[in-house]
Structures are given as C-alpha cells and as structure tokens.
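The opening position of the sequence shown corresponds to residue 255 in my numbering, with each subsequent residue numbered one higher. By construction, the Cβ of each residue, glycine as well, lies at the ideal position given by its N, Cα and C atoms.
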Amino acid sequence: MNSRKPLDSLAIGLMLALCVIWGLQQVAVKLAAPFMGAVMQIGVRSLAAACLVRVMVWWRGERLDLRDGTFLPGIAAGVLFALEFLSVALGLQYTTASHMSVFLYTAPIFTVLGLHWSIAGERLGRLQWVGALAAFAGIALAFSNGFTAHSRNWSDMLFGDALGVLGGIFWAATTVLIRRSSLSEAPPATTLLYQLSSCGVILTAIAMLNGQAGNIVLNPVVWGSLFFQSVIVAFLSFLIWFWMLRRYLASRLAVFSFLTPMFGVGFGVLLLHDPLDLRFAAGAVLVMAGVVMVNMRK
Numbered sequence: 255m256n257s258r259k260p261l262d263s264l265a266i267g268l269m270l271a272l273c274v275i276w277g278l279q280q281v282a283v284k285l286a287a288p289f290m291g292a293v294m295q296i297g298v299r300s301l302a303a304a305c306l307v308r309v310m311v312w313w314r315g316e317r318l319d320l321r322d323g324t325f326l327p328g329i330a331a332g333v334l335f336a337l338e339f340l341s342v343a344l345g346l347q348y349t350t351a352s353h354m355s356v357f358l359y360t361a362p363i364f365t366v367l368g369l370h371w372s373i374a375g376e377r378l379g380r381l382q383w384v385g386a387l388a389a390f391a392g393i394a395l396a397f398s399n400g401f402t403a404h405s406r407n408w409s410d411m412l413f414g415d416a417l418g419v420l421g422g423i424f425w426a427a428t429t430v431l432i433r434r435s436s437l438s439e440a441p442p443a444t445t446l447l448y449q450l451s452s453c454g455v456i457l458t459a460i461a462m463l464n465g466q467a468g469n470i471v472l473n474p475v476v477w478g479s480l481f482f483q484s485v486i487v488a489f490l491s492f493l494i495w496f497w498m499l500r501r502y503l504a505s506r507l508a509v510f511s512f513l514t515p516m517f518g519v520g521f522g523v524l525l526l527h528d529p530l531d532l533r534f535a536a537g538a539v540l541v542m543a544g545v546v547m548v549n550m551r552k
C-alpha cells in the first residue's frame, strides 16, 4: 500500500467541507427537535445510514463474517456509540447547540488519556499533559457560563453541558475499544455498520418507549434534517473521511477536524441565535488549543 502523503488542495477542501458538515450536525437536530424528538431523529438516521452502508458493502462484493472475532467488540462499540448520541440527544434538550458542539469535542482529550493508561506506546509527553490541563481548564471556564444571569435556567444548561462532556467520554471509550480490539484490523465499513446498526436499534427503541413516536410532524424541516443527518453526515461524510485516512497523513487530518466545534458554535449563533458569552468563547478556545496540543507528536 502506498504511504500516506501530506495534504494537498483536494484534501484541504474536503476537510473544510467535512468540518462544516459536522459542525451543522447538532444544529440540524436542534432545529427539527420541536417536530421530531432528538432521540428518535438520531435513531432513525442511524438505521437509514446502516442500510446505506450495507447496500454499499453488497455492491462492492464484500462479505461480512460474524465469526471473524469482531462481533462482540462490534456490539460493545455500538452500545458505546448509542450512549454517546443518547447523551447528545438528551443534552440538546437543556443546552444550546453551540455548547454541545464544544463539549462533545472534548473526546480527543479523554481518548489520549485512555490510551495513555492502556497502551504502552501511547504515553503522553510534557506538551500533551499541558494540553490536557489546558483543555480541562477550558471546560471549567466554559461550564461557568451556565451560572451567568443571562442563562434562562442555569441548572438546565449545566445539566445539558455535562451530558455533552459525557457524550465525549463515551466517544473516547468507543475509540479506545476499537483500538484495543479486533476492530482495529477490520475494514472501516464493518466497524461503521456495527456502530450505526446498534445505535439505530437502541435509540429508536428508547424513543418509542418514551412516546416520541407519537409526536412526529413530518414537515420539510424534519425531512431535511433526516436526509442531512443520514445521507450526508452518517454515510457520505464518514466514507469520505475513511477514504482520506487511507491516502493522507492522519495527524494532519486530525488537526483540521478540530475546526468542527468552531463551525458548530458559528452555526448555532447564526441559525439558532445561541447566546455567545465571553467566558464560554474563551473556554472553547482553551479546549481546542488543548486538543491540538495533545494530538501533536513528539
């Protein structure tokens, strides 16, 4: 296989497009939430995207073998993936899309800490520890925004923010599990199919038990959100991401992906009129700076 190459103009353009798409994800869920519950949205979009991935695997002539040692870790990864997005869906009921975009993307911090304690070759250096401390300071500073008088209900906002961080922890746990299991050698489509299928079944079941199935208004906002989330985000964007990981240096791609929360905050302010407090903005910058530092290699 050819060695990975530095980013060219195509890679830079695609990464910017992916960051915009991923930044819009929480905004799309929040926009459609009054007409279709957030948990139901993510469950349905995951099932739809899983069907698309399965069709693609069939079209390419590939086979999925449940006896190749990936079944149990695949189901476990799918459960963690579902818990991540359950945290996101519930959190969006209490906090803004801007806050969720930043707190969810604390995942790389928890990932490197998890790998540090579980894989000998992933020990953190001094710069990485400084980055982790900066990120946690940023989380604390951004959290303090919930106590301001401008918040309509500070306890709700803090609860939603905490769910965003919890989603980041589940995301990190999923990454560590994949890295330490047979999924690390499996085709990306296999891992993605496990995650999307499990997430779709679990979240759709939870939404139905919670009564969200009876409160759906299928208007253009809902259809547009579902199409964007299932086809553009969960299917096409991930396929493009995996394609790029096989051709370009992963470390360079990762640094670009840290623009996603900034786009998420921007879209939240522009489209949902989310308030942008100075302390939250400063905390978000600290978080992103810390994430970049912990991903820099010695």
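Residue i classed as buried or exposed, judged by whether at least 16 other C-beta atoms fall within 10 angstroms
{"i": "Gly421", "result": "buried"}
{"i": "Pro260", "result": "exposed"}
{"i": "Gly468", "result": "exposed"}
{"i": "Leu268", "result": "buried"}
{"i": "Val309", "result": "exposed"}
{"i": "Leu369", "result": "buried"}
{"i": "Ser438", "result": "exposed"}
{"i": "Ala386", "result": "buried"}
{"i": "Glu316", "result": "exposed"}
{"i": "Ala403", "result": "Unreliable placement is indicated for Ala403, whose pLDDT of 45 sits below 50; no coordinate value is reported for it."}
{"i": "Pro288", "result": "exposed"}
{"i": "Trp276", "result": "buried"}
{"i": "Asp262", "result": "exposed"}
{"i": "Gly418", "result": "buried"}
{"i": "Val476", "result": "buried"}
{"i": "Ile296", "result": "buried"}
{"i": "Val283", "result": "buried"}
{"i": "Leu346", "result": "buried"}
{"i": "Ile266", "result": "exposed"}
{"i": "Met255", "result": "With a pLDDT of only 45 at Met255, under 50, the local geometry of the prediction cannot be trusted, and the value read off the model is given with reservation. Met255 comes out exposed."}
{"i": "Ala389", "result": "buried"}
{"i": "Ala271", "result": "exposed"}
{"i": "Val487", "result": "buried"}
{"i": "Leu264", "result": "exposed"}
{"i": "Leu532", "result": "exposed"}
{"i": "Leu524", "result": "exposed"}
{"i": "Leu472", "result": "exposed"}
{"i": "Gly522", "result": "buried"}
{"i": "Asp415", "result": "buried"}
{"i": "Gly454", "result": "buried"}
{"i": "Leu381", "result": "exposed"}
Candidates the options, of which the one nearest residue i by Cα
{"i": "Leu447", "options": "Gly328, Ser438 and Gly277", "result": "Gly328"}
{"i": "Val384", "options": "Ile363, Leu472 and Arg433", "result": "Ile363"}
{"i": "Thr514", "options": "Arg434, Leu264, Tyr348 and Thr360", "result": "Thr360"}
{"i": "Val430", "options": "Thr365, Asn473, Ala391 and Pro442", "result": "Thr365"}
{"i": "Asn407", "options": "Gly291, Thr349, Phe521 and Leu278", "result": "Thr349"}
{"i": "Leu301", "options": "Ser484, Val523, Phe534 and Phe510", "result": "Ser484"}
{"i": "Ser452", "options": "Val298, Leu272, Cys273 and Gly291", "result": "Val298"}
{"i": "Thr428", "options": "Gln449, Val455, Pro441 and Asp415", "result": "Gln449"}
{"i": "Val548", "options": "Gln279, Gly414 and Leu367", "result": "Leu367"}
{"i": "Trp495", "options": "Pro442, Leu344 and Asn473", "result": "Pro442"}
{"i": "Thr445", "options": "Gln382, Leu264, Phe512 and Leu326", "result": "Leu326"}
{"i": "Asn464", "options": "Leu344, Gln279, Trp313 and Ala426", "result": "Leu344"}
{"i": "Leu530", "options": "Trp371, Phe510 and Phe397", "result": "Phe397"}
Range of the contiguous alpha helix (DSSP H) that encloses residue i
{"i": "His353", "result": "Ala351 to Leu358"}
{"i": "Ile470", "result": "No alpha helix (DSSP H) holds Ile470; DSSP gives it neither H nor E."}
{"i": "Gln382", "result": "Arg380 to Phe397"}
{"i": "Pro442", "result": "Pro442 to Leu463"}
{"i": "Thr324", "result": "Taken as a continuous stretch (DSSP letters only), Thr324 belongs to no alpha helix (DSSP H), as it is neither H nor E."}
{"i": "Gly297", "result": "Ala292 to Trp313"}
{"i": "Gln280", "result": "Ser263 to Ala286"}
{"i": "Phe489", "result": "Counting along the chain, Phe489 falls outside any alpha helix (DSSP H), and DSSP gives it neither H nor E."}
{"i": "Leu524", "result": "Thr514 to Leu526"}
{"i": "Leu540", "result": "Leu532 to Val548"}
Nearest-angstrom Cβ-Cβ length linking residue i and residue j, presumed shorter than 8 Å
{"i": "Val356", "j": "Val519", "result": "7 Å"}
{"i": "Thr324", "j": "Ser436", "result": "5 Å"}
{"i": "Leu334", "j": "Phe424", "result": "5 Å"}
{"i": "Ser352", "j": "Asp528", "result": "4 Å"}
{"i": "Ile460", "j": "Val293", "result": "6 Å"}
{"i": "Val274", "j": "Phe534", "result": "No, Val274 and Phe534 are not in contact; Cβ-Cβ is about 21 Å, not under 8 Å."}
{"i": "Ala536", "j": "Leu395", "result": "6 Å"}
{"i": "Ile432", "j": "Ala331", "result": "6 Å"}
{"i": "Leu340", "j": "Leu457", "result": "6 Å"}
{"i": "Ile470", "j": "Met290", "result": "5 Å"}
{"i": "Ala538", "j": "Gly392", "result": "7 Å"}
{"i": "Leu493", "j": "Leu499", "result": "Rounded, the Cβ-Cβ distance is 11 Å, inconsistent with contact."}
Check: residue i C-beta below 6 Å from any heavy atom of the ligand FAD
{"i": "Ala391", "result": "With respect to the ligand FAD, the structure offers nothing, as it holds no ligand at all."}
Original post:
Does the region 532-545 come close enough to the region 287-306 that 3 or more CB-CB pairs lie under 8 Å?
Top reply: no
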